[in-house]
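Notes follow once the structure below has been shown.
There are 2 protein chains.
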Amino acid sequence: MGNKSTRDHIVESADQLFYQQGFEHTSFADIAGVVKISRGNFYYHFKSKDEILDAVINLRLTDTAKMLGLWDGMSETPADRIRSFINILVTNRAKIKQHGCPVGTLVNELARLDHAAKSNASKIFSLFRGWLSKQFLQMGCGGESDGLAMHLLARSQGVASLATAFQDEAFIYLEVKQMNDWLDKCIKAHPLPEIQAPQV
Amino acid sequence: MGNKSTRDHIVESADQLFYQQGFEHTSFADIAGVVKISRGNFYYHFKSKDEILDAVINLRLTDTAKMLGLWDGMSETPADRIRSFINILVTNRAKIKQHGCPVGTLVNELARLDHAAKSNASKIFSLFRGWLSKQFLQMGCGGESDGLAMHLLARSQGVASLATAFQDEAFIYLEVKQMNDWLDKCIKAHPLPEIQAPQV
DNA sequence: CTAAAAATAGGACAACCGTCCTACACGACG
DNA sequence: CGTCGTGTAGGACGGTTGTCCTATTTTTAG
Chain R
1 MGNKSTRDHI VESADQLFYQ QGFEHTSFAD IAGVVKISRG NFYYHFKSKD EILDAVINLR
61 LTDTAKMLGL WDGMSETPAD RIRSFINILV TNRAKIKQHG CPVGTLVNEL ARLDHAAKSN
121 ASKIFSLFRG WLSKQFLQMG CGGESDGLAM HLLARSQGVA SLATAFQDEA FIYLEVKQMN
181 DWLDKCIKAH PLPEIQAPQV
Chain Y
1001 MGNKSTRDHI VESADQLFYQ QGFEHTSFAD IAGVVKISRG NFYYHFKSKD EILDAVINLR
1061 LTDTAKMLGL WDGMSETPAD RIRSFINILV TNRAKIKQHG CPVGTLVNEL ARLDHAAKSN
1121 ASKIFSLFRG WLSKQFLQMG CGGESDGLAM HLLARSQGVA SLATAFQDEA FIYLEVKQMN
1181 DWLDKCIKAH PLPEIQAPQV
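Protein chains in written order, with the working numbering: chain R, 1 to 200; chain Y, 1001 to 1200.
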């Protein structure tokens, strides 16, 4: 019951290693060392390394969807939900400083290798994009919503990238504050007519 | 005279390949195939792959410094010089869409591999950072200059990252326009007292 | 308890990696 | 002509990679 299957162990360990070391730089021996499994036994669970990658991507997809669902239930206003997104930069600042954004690094690595799973990996980005877009739409941003979602996604990626390059956590705090300020401006620019207080 | 040395050929080819395929994914055989040189002969010019990496980083450092110097001589106002920086996103949009930002991808790959040259590579970022900071300072942004430089650098990185992930050149144009608008606001927020037109 | 099935261990394999070594080509200079 | 230094070619080397195969153990089902 509480026992995770070996397969799940493999996928979770590969997930972490792919994040910390990259997909290509992670070998079967590395994963086997963590899971404490024989190298040969791998091919009982997965036919190839790419199959493990697919499983990892699917895990991240479901985990992400789960997290977004959680945020949906946690906050009342769409703006607060967007703030949940912005704040993962602060929450994961230590790991981001070391290894960058889990999503961005994987997608960009696969794009560079021209790997078959690259489009699959970018679906994780699409998940965030669609979710953010939905929140902006609920805020009343209309046709600009998708653009705003992409904008916020891009800024997050940029912050993660530079925090890694310069080994700078303080920069994350600085930019997160700016993003929150930017969001405040968005709110003021789009007063929600349907939620306005009823006129006496 | 016009003849490039074999060593230069190697460095330039490695530079391109490192950009297109990544450092780790580029083998000696790959470089040898482009330069049309024997694999063994490599070690007459470089003692190790890391030495080639150092040479590539140094090449990029000097090339970048050269470009920044060119921009210094090209534009009259610091704001125009910053616009030169912003516009490389548009100029290189096709390559960025395919392989991402040459600087960011290398720095992040080396950071992830925990490679010895990672700090060396991030000097390229520092070059841009210092140069941008100088421009903002000349614009009268004072103590905020470095923060503004980092902010612009981060946004560029984010745009490049998402343009690659989503294979979207149009997004580059969109964000470049926003960055230029943002710069306009910076100009208005910091009227240069010392360059104001002389009062009759 | 026994037989089938699921899971694991360990190693063989061909290919590739970065590294290194030795032999050869070639022009310069005496 | 011969010698020397520079540059090149080609292959050997030990190690690692992803993949695959075959025994052996462990678990399950009748």
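Where a beta carbon is used, it is the ideal one built from N, C-alpha and C, also for glycine. Note that the structure is predicted; figures quoted are calculated from it, not measured.
Ranked by how close their Cα comes to the Cα of A1094 (chain Y), the residues Y:K1188, Y:S1013, Y:D1184, Y:Q1020 have Y:Q1020 in first place.
Pairing V1034 (chain Y) with S1048 (chain Y) gives a Cβ-Cβ distance that is not under 9 Å.
Considering only beta carbons, the part of the region 1089 to 1120 of chain Y lying closer than 7 Å to chain R consists of H1099, G1100, G1104, T1105, V1107, N1108, A1111, R1112, L1113, in chain order. Looking at the backbone, the Cα of I1096 (chain Y) and that of A165 (chain R) are separated by about 19 Å. The three-state secondary structure of P1191 (chain Y), taken from DSSP, is coil. Within the same chain, S156, Q157, A160, S161 come within 8 Å of C101 (chain R) by CB-CB distance, once the 5 residues on both sides are set aside.
A residue is called buried once 16 or more other Cβ atoms fall within 10 Å of its Cβ, and V1011 (chain Y) is buried on that count. Beta-carbon to beta-carbon, L152 (chain R) and M179 (chain R) are separated by about 7 Å, close enough to satisfy the 8 Å threshold. Taking all protein chains shown into account, M1139 (chain Y) has 16 or more neighbouring C-beta atoms within 10 Å of its C-beta and is therefore buried.
At least 9 Å separates the beta-carbon of L183 (chain R) from that of I88 (chain R). By the Cβ neighbour-count rule, S1122 (chain Y) is buried, with 16 or more other Cβ atoms within 10 Å of its own. V1103 (chain Y) is a Cβ neighbour of F1125 (chain Y), given a cutoff of 9 Å. In the three-state reduction of the DSSP assignment, E169 (chain R) falls in the coil class, being assigned neither a helical nor a strand state. Ranked by Cα distance from N58 (chain R), the first of R:V90, R:E169, R:D8, R:A79 is R:D8. Collapsing the DSSP output to three states places D1181 (chain Y) in a helix. From the beta-carbon of E24 (chain R), the residues of chain Y found nearer than 9 Å are G1022, E1024, H1025.
Short of 6 Å from the beta carbon of A163 (chain R), and not among the five residues preceding or following it, lie these beta carbons of its own chain, in chain order: I96, K97, F171, I172.
Spanning the alpha carbons of W1071 (chain Y) and R1081 (chain Y) requires a straight line of approximately 6 Å.
Put simply, the backbone Cα of N41 (chain R) is about 57 Å away from that of E1144 (chain Y).
D1050 (chain Y) and F1028 (chain Y) have their alpha carbons spaced roughly 11 Å apart.
With respect to the C-alpha of G22 (chain R), the residue from R:I37, R:S84, R:R39, R:L106 having the closest C-alpha is R:L106. M67 (chain R) and K177 (chain R) have their C-alpha atoms spaced approximately 22 Å apart.
Assignment of I10 (chain R) by DSSP, reduced to helix, strand and coil, places it in the helix class. Membership of G1073 (chain Y) in the alpha helix (DSSP H) is indicated by the continuous run 1049 to 1074. For N120 (chain R), same chain residues with a beta-carbon under 6 Å away, outside a window of 5 residues either side, are I57 in chain order. Separation of A1065 (chain Y) and W1131 (chain Y) (C-alpha to C-alpha, rounded to the nearest whole angstrom) is 9 Å. For T1091 (chain Y), the enclosing alpha helix (DSSP H) covers residues 1078 to 1091. DSSP places H45 (chain R) in the uninterrupted alpha helix (DSSP H) bounded by 42 to 45.
In this structure, H1025 (chain Y) keeps its C-beta atom at 9 Å or more from the C-beta atom of L127 (chain R). Residue-level contact by beta carbon fails for V34 (chain R) and chain Y, as no gap is shorter than 9 Å.
P1191 (chain Y) has its alpha-carbon roughly 43 Å from the corresponding atom of A111 (chain R). When CB distances to chain R are screened at a threshold of 9 Å, the residues of the region 1128 to 1161 of chain Y falling below it are R1129, G1147, M1150, H1151, L1153, A1154, R1155, S1156, Q1157, G1158, V1159, A1160, S1161, in chain order. From the listed residues Y:T1062, Y:A1079, Y:T1091, the smallest Cα separation to K1188 (chain Y) is found for Y:A1079. Contact of T1077 (chain Y) with chain R is not assigned, every C-beta pair being separated by 9 Å or more. Setting aside the 5 residues that flank it on each side, K1118 (chain Y) is surrounded in the same chain by V1107, L1110, A1111, each with a C-beta closer than 8 Å to its C-beta; the list follows chain order. If you look at S122 (chain R), you'll find it in the alpha helix (DSSP H) that goes 118 to 138.
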